[in-house]
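Read through the structure below, which is laid out as structure tokens, and then see the notes.
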Amino acid sequence: MRHTLCAICDTDRWDRPLHAEALGDGAFTSERFSARRTPDRVHYRMVRCANCGLIRSDPVLEEAELARLYAQSHLTYAQEAEFAGETYARYLREVLPLAPAQGRLLEIGCGSGFFLERALDLGFTEVCGVEPSRDAVEAASPRVRDSIRLDGFRDGLFPEGHFSMVCGFQVFDHLVNPNATLQTCRRILRPGGLVFLIHHDAGAWTHRLLGERSPIIDVEHIYLYDRRTMARILVKNGFDVLRVFAVRNRYPIYYWSGMAPLPSGIKRGLVPRLRNSALGRLAVAWNAGNLGIVGCFNPEKI
Ligand SMILES: [Zn+2]
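Each residue of the sequence shown is one higher than the one before, starting from 57 at the first, in the working numbering.
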């Protein structure tokens, strides 16, 4: 296990305990590190930085071990992907006027590439994805399969100034080195290019109300951001924050029930039954506690 520091303050000086470790035996399986799985209250010890408010897991598994778990993780969300893609595309349409051009778009952690197809539909001339899970990449449609690199996102994969937009959906709070990732984004973006991220908002009332029972208190999350800490880490890495907003997700009722703070035993019985019923497949939209943020690469900032 590896000790972590606040990604904004670069120190553990102001740490306050938030939740005791709840890992148990066999916490680290590729099933548990699969995207959009049903949360099961397994998590690291969590602390909050009293200086900036950023929440983080500490200590966490070594980075190489985490990379191995994500590489072996499975694609378990084929049906939900359609709904997620619809939501992300809706917000992409709103963000487009802020981009310097509809040139090349990169998605970090693109899974089966369901969003990349939407980006092509919206007029991007070229799309690229990076995804560590072989299972997910193999499920990609022929239209985008060759545009996806089977790898973890890192320096050296793409030329400098190559993209007009870099996206990440439910990815950023999984990153061990968010500052390094944002610096890599800077290098591969053209000046004025955008980062566009959507993920959990630790400051949303749903998560504050549920506390440790919130689905975001989960072993997959290294850092948990709210609107303010998310804006701070973008500014720290030389981005101008153009927009921060609450995200309204639309998913079938069976998916929402999997995320609900119910005992695992009840969910194991309930979710498959809802999945097979007309009521359970009904799609419902609400603000479940996600944020979106758009940052613009300002080359004059270090
Ligand atoms: Zn801090």
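Glycine residues also receive a C-beta, built at the ideal position from the N, C-alpha and C atoms.
Please determine whether the Cβ atom of residue i lies at a distance below 8 angstroms from any heavy atom of ligand 1.
i, result
"Leu110", "yes"
"Ile64", "yes"
"Gly107", "The sequence given here places Asn at residue 107; Gly does not occur at that position. Yes - ligand 1 has a heavy atom lying nearer than 8 angstroms to the Cβ of Asn107."
"Trp342", "no"
"Trp70", "yes"
Which whole-angstrom value is the C-beta distance of residue i and residue j, which I expect to be below 8 angstroms?
i, j, result
"Arg174", "Gly212", "With a Cβ gap of about 28 angstroms, Arg174 and Gly212 do not count as contacting."
"Leu290", "Leu238", "7 angstroms"
"Ala123", "Ser220", "Going by Cβ atoms, the distance from Ala123 to Ser220 rounds to 28 angstroms, so no, they are not a contact pair."
"Val303", "Leu347", "6 angstroms"
"Gly351", "Phe295", "3 angstroms"
"Val103", "Arg72", "6 angstroms"
"Phe353", "Gly248", "7 angstroms"
"Val183", "Ser197", "Val183 to Ser197, Cβ: 12 angstroms. No contact."
"Cys65", "Cys108", "6 angstroms"
"Tyr100", "Leu79", "7 angstroms"
"Tyr310", "Arg337", "7 angstroms"
Can you tell me whether DSSP reads residue i as helix, strand or coil?
i, result
"Tyr279", "strand"
"Pro182", "Note that residue 182 is Glu in the sequence shown, not Pro. If DSSP states are grouped into helix, strand and coil, Glu182 belongs with the strands."
"Tyr307", "strand"
"Val98", "coil"
"Asp229", "helix"
"Gly325", "helix"
"Ser220", "strand"
"Gly314", "helix"
"Leu330", "helix"
"Arg205", "strand"
"Pro355", "coil"
"Pro198", "helix"
Restricting to runs no shorter than 4 residues, where is the alpha helix (DSSP H) found entirely within the region 233–299? Entirely contained in the region 233–299, the alpha helix (DSSP H) runs reaching 4 residues are, in chain order, 234–244, 261–266 and 283–292.
My parser needs the beta strand (DSSP E) runs of 3 or more residues fully inside the region 110–195; what are they? For the region 110–195, the full-length beta strand (DSSP E) segments reaching 3 residues or more read 111–113, 160–164 and 182–187 along the chain.
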